[in-house]
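Asker:
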């Protein structure tokens, strides 16, 4: 069935290509767009749940899984798993394999409940509504756990729109003994059927006299109409039902003759229609069952046999594709590294979520937010305390998340790093995510740095961090991804084309091109760039307007009086906008500050826009951006370079209002190098390599420290960005070292040696911690290499997969430059 579906997709693409070849290029673009949207409609797009499936449609059908041991009366309260949490006695969990277009396998090593739970998910194309899908739920008790261990499984089914959803039949008055079938209909999904199969697994028994009325072999279904504001709150809704059921049992039997816990905590069997449904099964020992969604528009219902074949095909396809896309290099080619790499990448792409709802934004544009006065941080705090925020929206967003248990929402500066590995795997998905982010941008060019959409998302965020402010920026890392796409498109396009948008180059022999359609077709890729360029330019102009620093007011000497920048929204201790929260900055805060990392990010934007404008032959844009880039490169030296310290530094003004550098050696000191604004023969590069390679300052056996050991603030206070090793910054350093080693210059040999050492230190650190704990972590201890802070941080820490796939040290070859006319 999976092969047939692939063949159908391939024929559709090739038919569209044939139509395009006859002159109707829009047919090709439309058909690829349709297939792309259909194959990405369904997914585990509720990453805040251990397993939650929904479509990329606002207010639609969705499902969520709960499970837990049910031996004692407190088990349901203490051990029921639903939302991803830290410290739940799960010794590692997540996707072992996952492709957003086919599905994958997820495993939970649930030490607390003594069970390994596996959720296999697969998509089956067909029809007009995104096809069908299935999930196979399998529970296997741990060795040493009693074979009669009871496990309860609840599945929540919600229908948030105005469609209908109900249970076919009533079963017996005690429950269902076989399959359970829901029939549904909605405008977005058409007619569909959702089946919970009987599956395999024993049911518990009891000698208590309640047994005759509450047998263990039945499945219970409770249907209800929940308020729109409550339908997402599955666990509270369940507990309301369980509490009522427990009270009835307690009144009848009392505590002295209480039934077993598994017979007490049972939902009432009331199947019917509604927008909120629970399905409950209780097992003794191992178990397995399927959940099958069949779109009626596909013409056939999916069976468990179909599911088995589709899962096998998806797993085979994933392994083959992973070995091709991420060809791991020595010394990371063994099976244990393959397993590690698959897990890290699968958890990244399996953590992509679809969010929809309103978010809190303060658009008061209070004058205090201009931050023009000394002591401005106190004035802005007072303005925030006025609580002038309002709900705006609804917005929708498709995005990867940094951490499913702790940060299950979109973060702007994280997302650019998330998409670096995803772009290797699925460029078309990457561009969908990029478009989704830019669709949240307002008319001025501002994108909220945190996307907290809807009440469910806000429930995981402390109140003080929920409000977004339109004067606060965040590193524009999406430019990294778009520039990379443009360069790949340049290389992939036909060499006879003179510009993006020439003859199509659709390689039918590669099969369905739903991962790489925008690369395999130059016109399609060129259209994306043409459409996204005005949005990129709008964000760029917003940055340059709202984050501009003061050069003229303090009579600073610089090549340009315009290119200097200052993060807005800082306090005495933090600049959350920068992403480097507590990294030391000039004290006290002053409106005359200039921040080198922000100017570097603006430089990156300028460089990227210039390259895209060249590819699109926008001559006036190229001229303007070239002028801006020259000014930024000069001003980085004029305003931020310290010859004495041998690094770049933030700037402020002293008591006489004269320009003063404040140097805290660390990540901030390297930013012009990190974003590629220095030439390979620039003497500053040598000075920065001295700093990076100094074991007394930044170099450690586990990666580059965020702050020099010699800095007075090293390891102090919150110690968030004041010593730990962070993967995104280390990845940027590693890429720059690789680039230096691949081209002629005075630092080539030195960069090669540093590259080899750093790559090994980083991969070994993340792998060792993963092997010991079962998790990726937010950051790593520079002394011990231990993972720390947020658990299951499979966002940008997954960049380790890219590191394993990078050259193992033989990086001395000089790449052939790509000429402009090779577009």
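Residue numbers (mature numbering (1 follows the signal peptide of the UniProt record, and there is no 0)): -20 to -1, 1 to 803.
Beta carbons: idealized from backbone N, C-alpha and C, even for Gly.
#1: Pick out whichever of 735, 380, 384 and 437 has its Cα sitting closest to the Cα of residue 414.
#2: What are the residues that DSSP puts in a beta bridge with residue 242?
#3: Tell me the start and end of each unbroken alpha helix (DSSP H) in the region 400 to 438 that is at least 4 residues and wholly inside, in chain order.
#4: If you run the structure through DSSP and keep just helix, strand and coil, what is residue 165?
#5: Return the CA-CA distance between residue 646 and residue 209, expressed in angstroms with no decimal places.
#6: Look at the alpha carbon of residue 76 and the alpha carbon of residue 85, and state the distance between them as a whole number of angstroms.
#7: Can the beta-carbon of residue 741 be found closer than 7 Å to that of residue 683?
#8: What is the rounded straight-line gap between the Cα of residue 280 and the Cα of residue 686?
#9: I need the boundaries of the beta strand (DSSP E) containing residue 333, first residue and last residue.
#10: Looking at the unbroken alpha helix (DSSP H) that takes in residue 247, where does it start and where does it end?
#11: At which residues does the alpha helix (DSSP H) containing residue 769 begin and terminate?
#12: Where do the N-terminal and C-terminal ends of the beta strand (DSSP E) with residue 371 fall, by residue?
#13: Check residue 151 in the structure and name its three-state DSSP category.
#14: Can you have a look at residue 487 and say buried or exposed, based on whether 16 or more other CB atoms are within 10 angstroms of its CB?
#15: Mind checking who residue 274 pairs with in its DSSP beta bridge?
#16: To which residues of the same chain is residue 18 closer than 6 Å at the C-beta, ignoring the five residues directly before and after it?
#17: Which term fits residue 568, buried or exposed, when burial requires 16 or more other beta carbons within 10 angstroms of its beta carbon?
#18: Could you spell out the range, first to last residue, of the beta strand (DSSP E) harbouring residue 231?
#19: What's the C-alpha gap between residue 727 and residue 662?
#20: Measuring only the C-alpha atoms, how far is residue 124 from residue 133?
#21: Taking all protein chains shown into account, do 16 or more other C-beta atoms lie within 10 angstroms of the C-beta of residue 620, making it buried, or fewer, making it exposed?
#22: Just curious, the alpha helix (DSSP H) that residue 690 is in, first and last residue?
#23: What does the alpha-carbon distance come out to for the pair residue 483 and residue 502?
#24: Tell me whether residue 759 sits in a helix, a strand or coil according to DSSP, three-state version.
#25: Under a three-way DSSP split, which group does residue 385 fall into?
#26: Counting along the chain, where does the alpha helix (DSSP H) carrying residue 295 start and finish?
#27: Tell me where the beta strand (DSSP E) around residue 185 begins and ends.
#28: According to DSSP, is residue 783 helix, strand or coil?
#29: Would you grab the beta carbon distance between residue 79 and residue 294 for me? Rounded to a whole angstrom, and I think it's under 8 Å.
#30: Classify residue 314: buried if its beta carbon has 16 or more other beta carbons within 10 angstroms, exposed otherwise.
#31: Secondary structure at residue 85, three-state DSSP: helix, strand or coil?
#32: Is the distance from the Cβ of residue 107 to the Cβ of residue 277 below 7 Å?
#33: Assuming residue 30 contacts residue 64 (C-beta within less than 8 Å), just tell me the rounded distance between them.
#34: State the start and end residues of the unbroken beta strand (DSSP E) segment that holds residue 632.
#35: From this set, 81, 431, 119 and 253, which residue's C-alpha is nearest residue 97's C-alpha?
#36: Who does residue 113 pair with in a DSSP beta bridge?
Answerer: Working from what's here:
#1: The residue given as residue 414 occupies position 434 in the chain shown. It is 380 whose Cα lies nearest to the Cα of residue 414.
#2: Here residue 242 refers to the residue found at position 262 when the chain shown is read from its first residue. Bridge partners of residue 242: none, in fact.
#3: 407 to 418 and 435 to 438
#4: The residue you call residue 165 lines up with position 185 of the chain shown. Here residue 165 sits in strand by DSSP.
#5: Walking along the chain shown from the start, residue 646 turns up at place 666. Walking along the chain shown from the start, residue 209 turns up at place 229. Each residue's Cα considered, the two are about 46 Å apart.
#6: Residue 76 sits at position 96 when you count from the first residue of the chain shown. Residue 85 sits at position 105 when you count from the first residue of the chain shown. C-alpha separation (whole angstroms): 6 Å.
#7: The sequence position of residue 741 within the chain shown is 761, counting from 1. The sequence position of residue 683 within the chain shown is 703, counting from 1. Cβ distance < 7 Å, so residue 741 and residue 683 count as in contact.
#8: The residue labelled residue 280 in the question sits at position 300 within the chain shown. The residue labelled residue 686 in the question sits at position 706 within the chain shown. Going by the C-alpha atoms only, they are around 56 Å apart.
#9: Position 353 of the chain shown holds residue 333. Residue 333 -> beta strand (DSSP E) spans 333 to 341.
#10: Numbered from its first residue, the chain shown carries residue 247 at position 267. Per DSSP, residue 247 belongs to no alpha helix (DSSP H) and is neither H nor E.
#11: For the purposes of this step, residue 769 is taken as the residue at position 789 of the chain shown. Counting along the chain, residue 769 falls outside any alpha helix (DSSP H), though it belongs to the beta strand (DSSP E) covering 767 to 771.
#12: The residue given as residue 371 occupies position 391 in the chain shown. Residue 371 -> beta strand (DSSP E) spans 370 to 379.
#13: The sequence position of residue 151 within the chain shown is 171, counting from 1. Of the three classes helix, strand and coil, the one that applies to residue 151 here is coil, per DSSP.
#14: Here residue 487 is taken as the residue at index 507 of the chain shown, counted from 1. Note on residue 487: pLDDT 38, under 50, position unreliable in the model; no value is reported.
#15: As a position in the chain shown, residue 274 is number 294, starting the count at 1. Bridge partners of residue 274: 173.
#16: What you label residue 18 is simply residue 38 of the chain shown in a count that begins at 1. Closer than 6 Å at Cβ, skipping near neighbours: 110.
#17: In the chain shown, counting from the first residue as 1, residue 568 sits at position 588. That one is exposed.
#18: Along the chain shown, read from residue 1 onward, the residue named residue 231 stands at position 251. Where residue 231 is concerned, there is no enclosing beta strand (DSSP E), although the alpha helix (DSSP H) it sits in stretches over 214 to 233.
#19: For the purposes of this step, residue 727 is taken as the residue at position 747 of the chain shown. For the purposes of this step, residue 662 is taken as the residue at position 682 of the chain shown. Taking the straight line from one Cα to the other gives about 10 Å.
#20: Counting from 1 along the chain shown, the entry for residue 124 is found at position 144. Counting from 1 along the chain shown, the entry for residue 133 is found at position 153. Rounded to whole angstroms, residue 124 to residue 133 spans 21 Å at the Cα level.
#21: The residue labelled residue 620 in the question sits at position 640 within the chain shown. It counts as buried.
#22: Here residue 690 is taken as the residue at index 710 of the chain shown, counted from 1. Neither: residue 690 is in no alpha helix (DSSP H) and is coded neither H nor E.
#23: The count along the chain shown starts at 1 and reaches residue 483 at position 503. The count along the chain shown starts at 1 and reaches residue 502 at position 522. The predicted model places residue 483 with a pLDDT of 41, which falls under 50 and marks its position as unreliable; any figure quoted below should be read in that light. Cα to Cα, the separation comes out at about 7 Å.
#24: As a working note, residue 759 is residue 779 in the chain shown. Of the three classes helix, strand and coil, the one that applies to residue 759 here is strand, per DSSP.
#25: Position 405 of the chain shown, counted from the start, is the residue given in the question as residue 385. Residue 385: coil per DSSP, three-state reduction.
#26: Translated into the one-based positions of the chain shown, residue 295 becomes position 315. Looking at the DSSP string, the run of the alpha helix (DSSP H) that includes residue 295 is 284 to 305.
#27: Counting from one through the chain shown, the residue named residue 185 turns up at place 205. Run containing residue 185: none; DSSP gives neither H nor E here.
#28: Stepping through the chain shown from its first residue, residue 783 is reached at position 803. Three-state DSSP puts residue 783 in a helix.
#29: Taking the chain shown and counting its residues from 1, the one referred to as residue 79 is at position 99. Taking the chain shown and counting its residues from 1, the one referred to as residue 294 is at position 314. That pair is a contact at about 7 Å.
#30: Your numbering for residue 314 matches position 334 in the chain shown. Residue 314 should be labelled exposed.
#31: Here residue 85 is taken as the residue at index 105 of the chain shown, counted from 1. Three-state DSSP puts residue 85 in a strand.
#32: Within the chain shown, residue 107 is the residue found at index 127, counting from 1. Within the chain shown, residue 277 is the residue found at index 297, counting from 1. Going by C-beta atoms, residue 107 is nearer than 7 Å to residue 277.
#33: One-based indexing of the chain shown puts residue 30 at position 50. One-based indexing of the chain shown puts residue 64 at position 84. Their Cβ separation, rounded to whole angstroms, is 6 Å, which keeps residue 30 and residue 64 in contact under 8 Å.
#34: For this step, residue 632 is matched to residue 652 along the chain shown. Segment 630 to 633, the beta strand (DSSP E) holding residue 632.
#35: Taking the first residue of the chain shown as position 1, residue 97 is located at position 117. If we check each option's Cα against that of residue 97, 119 comes out closest.
#36: In the chain shown, counting from the first residue as 1, residue 113 sits at position 133. Answer is 103 and 273, bridged to residue 113.
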